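Colleague:
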Amino acid sequence: MARSAILLLASMCMALCCATEIETPSTATAAPNIISRQGWGARSPKTAIPALKENPPKYVIIHHSATAGCTTQAICQARVRSFQNYHMDNKGWQDIGYNFLVGEDGNVYEGRGWGKHGAHSVQYNSKSIGICIIGNFVSSVPNPAAVRATQNLIAYGVANGKIQSDYKLLGHRQTAQTTCPGNSLYDLIKTWPKWASRA
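Read left to right, the sequence shown gives residues -19 to -1, 1 to 180 (mature numbering (1 follows the signal peptide of the UniProt record, and there is no 0)).
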């Protein structure tokens, strides 16, 4: 009887352990909340956006918008639309320059999206994913919701083959003459996994 009870407990333990192993990866790679282009009211690109030359890309480049931030989806969507208008109408670009944008509402906003050539860092546009956190982060850091969303987006990209697993994380200032992504955000990303002191 005791032997049967022990065997039953062992079987139950094995079943639970197996179930845990199956569920862990799906939790770790759960998609962040990405608002589609249609969701935020994007214009169509002027022409088709070419694919990255190096895909999945080796680099993840962090930017800040250097504008007022946003903590609600409605305001964040309006900000993203204004960035797209500026990039297309004032700069003459084909579309919004970034692959993704992140608001302090905790949402990710699809820009050019995965696998697309960006317009955010001249020497790296064909081999990177450009992520812009909406706000000015010269003297303050993004709120926890924006930080989590950015890190989750990167982790999801790696887990799903959209970003190389040995990627390098850079601030925009490491690739161009600029103060972007702001001193405070730059100091923050230097503490994140895969930040590289040199490109």
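Note that CB positions come from ideal geometry on N, CA and C, so glycine has one too. This structure is a prediction, so every number in the text was calculated from the model and none was measured.
If you scan the segment 28 to 63 from start to end, which runs of the beta strand (DSSP E) of 3 or more residues do you find wholly inside it?
Modeller: Entirely contained in the segment 28 to 63, the beta strand (DSSP E) runs reaching 3 residues are, in chain order, 40 to 45.
Colleague: Residue 158: buried (16+ other C-beta within 10 angstroms of its C-beta) or exposed?
Modeller: The residue in question, residue 158, is exposed, as its Cβ has fewer than 16 Cβ neighbours within 10 Å.
Colleague: Just reading off the alpha helix (DSSP H) that residue 165 is part of, what are its end residues?
Modeller: Residue 165 -> alpha helix (DSSP H) spans 164 to 170.
Colleague: Just verifying my parser: in three-state terms, what is the DSSP assignment at residue 173?
Modeller: Here residue 173 sits in coil by DSSP.
Colleague: When you compare each of 106, 66, 16, 51 to residue 118 by their alpha carbons, which one comes out closest?
Modeller: For the residues 106, 66, 16, 51, the minimum Cα distance to residue 118 belongs to 51.
Colleague: Can you tell me which of 26, 27, 149 puts its alpha carbon nearest to the alpha carbon of residue 174?
Modeller: Selected option, being the one with the closest Cα: 149.
Colleague: Mind checking residue 93: buried by the 16 CB within 10 Å criterion, or exposed?
Modeller: So residue 93 counts as buried.
Colleague: Which residues in the same chain have their Cβ closer than 6 Å to the Cβ of residue 61, if we skip the five residues on either side of it in sequence?
Modeller: If we look at residue 61 and ignore the five residues flanking it on each side, its Cβ neighbours are 21, 82, 90.
Colleague: In whole angstroms, what is the alpha-carbon distance linking residue 77 and residue 100?
Modeller: So the two alpha carbons sit approximately 8 Å from each other.
Colleague: Among the residues of its own chain, which have a CB less than 7 Å from the CB of residue 56, if the five just before and after it don't count?
Modeller: Result list for residue 56: empty, nothing under 7 Å.
Colleague: How far does the beta strand (DSSP E) with residue 77 in it reach, from first residue to last?
Modeller: Premise fails: residue 77 is in no beta strand (DSSP E) and is neither H nor E.
Colleague: Indicate whether the contact test is met: 3 or more Cβ pairs, each with one atom in the segment 119 to 128 and one in the segment 155 to 169, closer than 8 Å.
Modeller: In short, these stretches touch, since the Cβ pair count reaches three.
Colleague: Residue 38: buried (16+ other C-beta within 10 angstroms of its C-beta) or exposed?
Modeller: Label assigned to residue 38: buried.
Colleague: Mind checking residue 48: buried by the 16 CB within 10 Å criterion, or exposed?
Modeller: It is exposed - the Cβ of residue 48 has fewer than 16 other Cβ atoms within 10 Å.
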